[in-house]
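The working numbering puts the first residue of the sequence shown at 701, with every later residue one more than the last.
Idealized CB from N, CA, C, for every residue including glycine.
Below is one structure; the comments refer to it alone.
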Amino acid sequence: MQKVGSDLYVFSGNLITIATNVVDFIKGLESYQTLQVGDLTPAQIDQMPPVALMDQDSKKIPGLLALVDDLKVYIKDHSASTTRTRVGVTDFKRCLKDEIAPGVALKIRLARSGNAGDEIARLTADVDQLNNRINQKLAEYEEYSEYKWIGFWWGVIGGVVSYSIYGPKATAALSEKDHLIKEKRQVELTLKKQNRLLGDLLAFETSLQDLKTRIDGAASGVSNIESLWVLLEELVESSHDRIKNTNNALYLVSFVSRFQTLLVNWKEIQIHSFDLLTAFNNALEESAV
701 MQKVGSDLYV FSGNLITIAT NVVDFIKGLE SYQTLQVGDL TPAQIDQMPP VALMDQDSKK
761 IPGLLALVDD LKVYIKDHSA STTRTRVGVT DFKRCLKDEI APGVALKIRL ARSGNAGDEI
821 ARLTADVDQL NNRINQKLAE YEEYSEYKWI GFWWGVIGGV VSYSIYGPKA TAALSEKDHL
881 IKEKRQVELT LKKQNRLLGD LLAFETSLQD LKTRIDGAAS GVSNIESLWV LLEELVESSH
941 DRIKNTNNAL YLVSFVSRFQ TLLVNWKEIQ IHSFDLLTAF NNALEESAV
């Protein structure tokens, strides 16, 4: 799992760096800087009359093609790892749900059965209520995380629409879950003074809940990486040929707009990968206590 998360984080980081260099190169062209397209979509920009590249910018096209070539090579070298990454995250998510979490829950029930004190009963009841609310937010987050990517099956524009609708909902559910986790941590600390074993087990359970959130986020991203990857490959491949043969500055503006939309989503995947690694390491530390 750590290898999967690390591979995904490194790839997305390098991809973002190379792609940002391409975008910055285009934005540095005088032809780009003189064009004012406002909030027009790439499709609308494509319908506008061609605008010739300035002479000094035409001479820089070979440099731009070299950057796009670097991107093509990098994507090709790493495309084979997509399926491995998706399968790895999906398998671990299933293992967490079907094996690890139930095992921890059983140990918690056994630890609670030997403690009938009023204070422990009250604290564990508080934990139960918080767990119900946390699980509700986990379910909401998983649902919204999946929906926010679905539009990319219909291209960049469809992805923008679904992401704008469900992205904020997923973020809100995650924020509420984090608040509930903090509340539960406080109860755990109090409970630990009464029963160290039970407190430690509940702390580990909370780490697994946090880990599940990160895995849901990563899984929603990597399960849709293949559609994002196809869009990325098609955009880079077709753009290389168009850039090589075009003298239309507006095409470069349209390219940057499309490319930046994809970059936003790869940055999201990079964040999920880092969160996944962090949560996984935290869970391992808790289990060692």
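- S939 and N945 have their C-alpha atoms roughly 10 Å apart.
- For L806, the enclosing alpha helix (DSSP H) starts and ends at A801 to S813.
- In the three-state reduction of the DSSP assignment, N831 falls in the helix class, which pools H, G and I.
- Here the segment 873-882 makes no contact with the segment 947-966; the two share fewer than three CB pairs at distances below 8 Å.
- Exclusion of the five residues before and after K893 leaves G899 as the residues of its chain whose Cβ lies within less than 8 Å of its Cβ.
- K884 and V827 have their C-alpha atoms roughly 6 Å apart.
- Going by beta carbons, I716 and L963 fall inside the 9 Å limit.
- In this structure, the straight-line span from the alpha carbon of Q733 to that of I800 is close to 55 Å.
- By the beta-carbon neighbour count (other beta carbons within 10 angstroms, threshold 16), Q960 is exposed.
- Ranked by Cα distance from L767, the first of D746, D724 and D798 is D724.
- About 6 Å separates the beta carbon of Q970 from that of Y709, a gap short enough to meet the 8 Å contact definition.
- Burial state of S813 is exposed, judged by a 10 Å Cβ sphere holding fewer than 16 other Cβ atoms.
- In this structure, T871 is the residue among G803, G817 and T871 with its C-alpha nearest to the C-alpha of E843.
- The secondary-structure analysis by DSSP pairs N948 across a beta bridge with A752.
- Judged by their CB atoms, N948 and A743 are not nearer to each other than the 9 Å cut-off.
- Shown here for V722: same chain residues with a beta carbon closer than 8 Å to its own, the five before and five after excluded, namely L764, L767, V768, L771 and F959 in chain order.
- In the structure shown, G728 adopts coil according to DSSP, grouped into three states.
- Your pair E905 and V804 checks out as a contact, with CB atoms roughly 5 Å apart and the cut at 8 Å.
- Where Q744 is concerned, the enclosing alpha helix (DSSP H) starts and stops at P742 to D746.
- In this structure V773 is exposed. Its beta-carbon is surrounded by fewer than 16 other beta-carbon atoms within 10 angstroms.
- Distance from L874 to T913 at the Cβ level is roughly 7 Å; contact confirmed, criterion being Cβ atoms closer than 8 Å.
- An exposed status is given to L889, since fewer than 16 other beta-carbon atoms sit within 10 Å of its beta-carbon.
- Note that the C-beta distance between L891 and I820 is below 9 Å.
- Contact between S731 and M748 is absent: CB atoms are separated by about 14 Å, not below the 8 Å threshold.
- Note on geometry: alpha-carbon atoms of K807 and K869 lie some 34 Å from one another.
- Taking the C-beta atoms as reference points, I745 is found nearer than 9 Å to S957.
- The beta carbon of I761 lies closer than 7 Å to those of I943 in the same chain, with the five residues before and after it left out.
- Here DSSP, grouped into helix, strand and coil, assigns N895 to coil.
- With respect to L729, D757 sits close: the two C-beta atoms are nearer than 9 Å.
- In this structure, the CA atom of C795 is about 35 Å from the CA atom of D818.
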